[in-house]
Structures are given as structure tokens and as C-alpha cells.
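Worksheet: one structure, shown below.
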Amino acid sequence: MMEPTPVNPEPSSTGLDPKVAGLLCYLLGFITGIIFLVVEKQSRFVKFHALQSIAVSVILIALNLVLSFIPFIGALFALILTPIGFILWIALMLLALQGKQFKLPVIGNWVEEQARKF
């Protein structure tokens, strides 16, 4: 199992504590992710969490959209996906607040690479 990586986040250009900014990236999903990605100029920690928030939100929205077209089975999977998404959302916010970077499987390495580019 992948372990969250504790980091010493560099200061955020937003004026917020970078750990709080990382948490806020997840607050409203891709909306706050995009806001922090645009506003943040220096902290890779905040950019990482902003990009991961955007990616997770888009994936969950797309999955729910696809599942809505599948009768019965789709509704059953959506019913399971919703609490899993909620738990993931809370966990990612808490990890960011603790100053940890948890790279999610499949998208984590891509997110980290993109955060370096921004």
C-alpha cells in the first residue's frame, strides 16, 4: 500500500498556510482546484493538491455520468461510488492539512509531474 509522503511545504503565494491551502484545494472539488492552480505561483505542494483535486473530481463526475446510463447495475455502482468518493475527499483534505502528499494510484505520478510544470 502506498504511504503518504510527509513534506515540508514551501510558503504559498496566496498568503495562506500551504497546508490550509492544500486542504482548500479539495473543498469544492475541481472548482477550488482550478482557483488554487491559477492563483498559486510558487508552492508545488499546493499545486499538487490543486491538480489532484481537479483530476479526482473529473474522474468521479465522469464515472457517475457513465453509470447513470446503465440501468439498475449503474445505479448500484453509483450507490457504492458515492460514499467511497466522500471518504476519499475527507481523507485527501486531512492528508493535505497534515502536510502530506498522497499520490493516488494511476493518476498520482501524472499529477506530480504536472505540478512541477506549472
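With my numbering, you'll find the sequence shown wraps up at 118, consecutive numbering, no jumps. We put the CB at the ideal spot given by N, CA and C, even for glycine.
Using a C-beta cut-off of 8 Å, the stretch 71-78 makes no contact with the stretch 4-23, since fewer than three inter-stretch Cβ pairs fall below that distance. By the C-beta density criterion, T82 is exposed, having fewer than 16 other C-beta atoms within 10 angstroms. CA-CA distance, L23 to A96, rounds to 5 Å. Membership of F102 in any alpha helix (DSSP H) is not indicated, and neither H nor E is assigned to it by DSSP. The alpha helix (DSSP H) runs of length 4 or more contained entirely in the stretch 25-50 are, from start to end of the chain, 30-39. For I54, the closest C-alpha among the options K100, I31, S43 is that of I31.
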